[in-house]
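In what follows, a structure is listed as structure tokens, so that the remarks can point back to it.
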DNA sequence: TATTGTTATACTCTATAACTATA
DNA sequence: TATAGTTATAGAGTATAACAATA
């Protein structure tokens with residue numbers, strides 16, 4: 001029976017601590033340089049990549065719930081970075097789209113975001129990075145899998 | 001100039017999403033089975049491993065700030081899982097220690113916590129797990145390194 | 001004056017539920 | 001009735017500041 005457990009070696013703790021350190025760094029930088037919250041950046045990144053989407057689709061793409069997507073979108077709408085487009089197929093819904101200034105902002109952010117990621121990953125081999133990505137996806141999938149532990 | 005960026009391939013996002021999925025699963029389980037918050041579990045784990053510590057030492061060990069440690073400790077004190085010991089060396093300070101029931105609770109949690117971790121890591125090789133741990137530590141260190149990106 | 005513990009405050013993230021308007 | 005969007009509320013995590021007691 002392994003009854004030893006050191007917190008600093010416990011994976012859920014490691015993951016949380018690492019994620020928090022990275023998120024904090026990123027969040028501060030986004031705030032300072034672009035006046036954006038991470039949730040807002042997520043919307044911009046997805047919309048720039050995929051074009052106009054409904055709030056619901058944005059929830060799925062960004063892995064955020066409706067409330068958080070709404071709040072993030074509202075801030076961007078207020079700043080004129082997003083606009084609403086009516087959805088002819090369903091009167092209940094609409095699509096959110098980047099405005100010109102939203103697109104411009106996205107273009108400003110991307111190089112910086114990539115450089116930021118590169119610095120975090122500096123010193124790692126291509127193989128390491130791929131492995132990390134794979135392992136994180138796997139953890140996410142298993143955790144989202146639900147009733148692993150009850 | 002790489003101007004492509006897919007959110008789902010962006011490391012800070014991957015890390016955040018994976019961490020959140022794991023944390024949510026763990027948090028629910030701790031709550032259901034032991035009535036503990038993650039922050040409280042961290043205190044218990046560290047105190048069981050290292051013996052009585054000051055709140056300040058607990059901040060360092062758990063990577064949580066004073067406020068969070070205080071809130072977590074208060075809940076455990078209220079439930080009689082922790083007790084305060086005066087610190088003869090410094091009248092300003094005191095040490096927090098597990099009570100008998102705190103120690104008992106810890107003994108109940110550990111096997112479950114290890115099983116939980118094992119299920120999350122199921123299917124991964126020993127080498128994968130070590131690699132993941134190393135990579136997470138590295139990310140944490142680089143992110144905590146501070147002014148990587150301003 | 002600096003530090004330890006403590007309390008207060010606030011904002012973000014996360015979660016839930018309820019409400020509206022369409023379907 | 002069901003769904004999409006919206007609003008309200010609340011708990012937990014995170015951060016900052018201020019205060020009291022002690023060093």
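Chains as they are written, first to last, in the numbering used here: chain A, 1 to 150; chain B, 1 to 150. Think of the CB as a built atom: it goes at the ideal place given N, C-alpha and C, for glycine as much as any other residue.
Check: Distance check for residue 26(B) and residue 148(A), CA to CA, integer angstroms please.; Outcome: Because the pLDDT at residue 148(A) is just 46, under 50, the model does not fix this residue reliably, and the value given afterwards should be weighed accordingly. Each residue's Cα considered, the two are about 10 Å apart.
Check: Excluding sequence positions up to five away, which residues of its chain have a Cβ less than 6 Å from the Cβ of residue 142(A)?; Outcome: none
Check: When we look at the beta-carbon of residue 140(B) and count the other beta-carbons within 10 Å, is it buried (16 or more) or exposed?; Outcome: buried
Check: Going straight from the alpha carbon of residue 19(B) to that of residue 99(A), what length do you get?; Outcome: 32 Å
Check: Of the choices 5(A), 4(A), 6(A) and 11(A), whose alpha-carbon is the least far from that of residue 135(A)?; Outcome: 11(A)
Check: Return the first residue and the last residue of the beta strand (DSSP E) that residue 82(B) is part of.; Outcome: 82 to 86
Check: Mapping DSSP to helix, strand and coil, what is residue 28(B)?; Outcome: helix
Check: For residue 125(A), count the other beta carbons within 10 Å of its own beta carbon; 16 or more makes it buried, fewer makes it exposed. Which is it?; Outcome: exposed
Check: Contact criterion: CB-CB distance below 8 Å. Does residue 31(A) meet it with respect to chain B?; Outcome: no
Check: Taking C-alpha atoms, which residue in 29(B), 61(B) and 123(B) lies nearest to residue 43(B)?; Outcome: 61(B)
Check: Expressed to the nearest angstrom, what Euclidean distance is found between the alpha-carbon atoms of residue 53(A) and residue 91(A)?; Outcome: 15 Å
Check: For residue 95(B), decide whether its Cβ has a neighbour in chain A, counting only Cβ atoms nearer than 8 Å.; Outcome: no
Check: Would you list, in chain order, the members of the segment 55 to 70 of chain B that have their beta-carbon closer than 9 Å to a beta-carbon of chain A?; Outcome: 61, 62 and 63
Check: Taking Cβ-Cβ distances below 7 Å as the criterion, which residues of the segment 35 to 55 of chain B are in contact with chain A?; Outcome: 42, 45, 46 and 49
Check: As a quick exercise: from 129(B), 102(B), 50(B) and 128(B), pick the residue whose alpha carbon is nearest that of residue 80(B).; Outcome: 102(B)
Check: What does DSSP give as the partner residues of residue 96(A) in its beta bridges?; Outcome: 53(A) and 84(A)
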